[in-house]
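A quick write-up on the structure given underneath.
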Amino acid sequence: SIIISEVIQVVTSTDKKQEFLDRQLGLLDAFREHVQLDKDIFRLMKDEIRNRVRSDNARDTGFDKEDMKLLILGRYLPRYLVGTVPMGLFRGKLMRNKFLQVCTSVSVVPPRLP
Numbered sequence: 039s040i041i042i043s044e045v046i047q048v049v050t051s052t053d054k055k056q057e058f059l060d061r062q063l064g065l066l067d068a069f070r071e072h073v074q075l076d077k078d079i080f081r082l083m084k085d086e087i088r089n090r091v092r093s094d095n096a097r098d099t100g101f102d103k104e105d106m107k108l109l110i111l112g113r114y115l116p117r118y119l120v121g122t123v124p125m126g127l128f129r130g131k132l133m134r135n136k137f138l139q140v141c142t143s144v145s146v147v148p149p150r151l152p
């Protein structure tokens, strides 16, 4: 009875972790499509999230805009990788935008806006 209980616990926790990972990767994929993220940056982000979620305890979250913000600003993506995202958004058109170019000439635009 104790052994069966432990087996059920292990299977359940593994399923929850995989479910969490699937939700995060789905969220990232929706983000990629929405902002036309560069495929190489997307692949790096996906690999990083997969590795970090597998080595961490899964938590239960919903699938929404706030979760995407948490995913980008959280511990599942390193800062250097988040810094590569702006050039990968909308096929680089966002960073070539005149308004953003003016902003960068006046001040530094951080990779994570408040």
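Residue numbers (the numbering used here): 39 to 152. For every residue, glycine included, the Cβ atom is placed at its ideal position computed from N, Cα and C.
Check: To which residues of the same chain is Leu119 closer than 7 Å at the C-beta, ignoring the five residues directly before and after it?; Outcome: Leu82, Met83, Glu86
Check: Using the three-state DSSP reduction, which class does Pro124 fall into: helix, strand or coil?; Outcome: helix
Check: Cutting at 7 Å between CB atoms, please list the residues of its own chain near Met125, excluding the five before and the five after it.; Outcome: Met133
Check: For Tyr118, which of helix, strand or coil comes out of DSSP?; Outcome: helix
Check: Around the Cβ of Arg92, are there at least 16 other Cβ atoms within 10 angstroms (buried) or fewer (exposed)?; Outcome: exposed
Check: Could you compute how far the alpha carbon of Leu65 sits from the alpha carbon of Asp76?; Outcome: 16 Å
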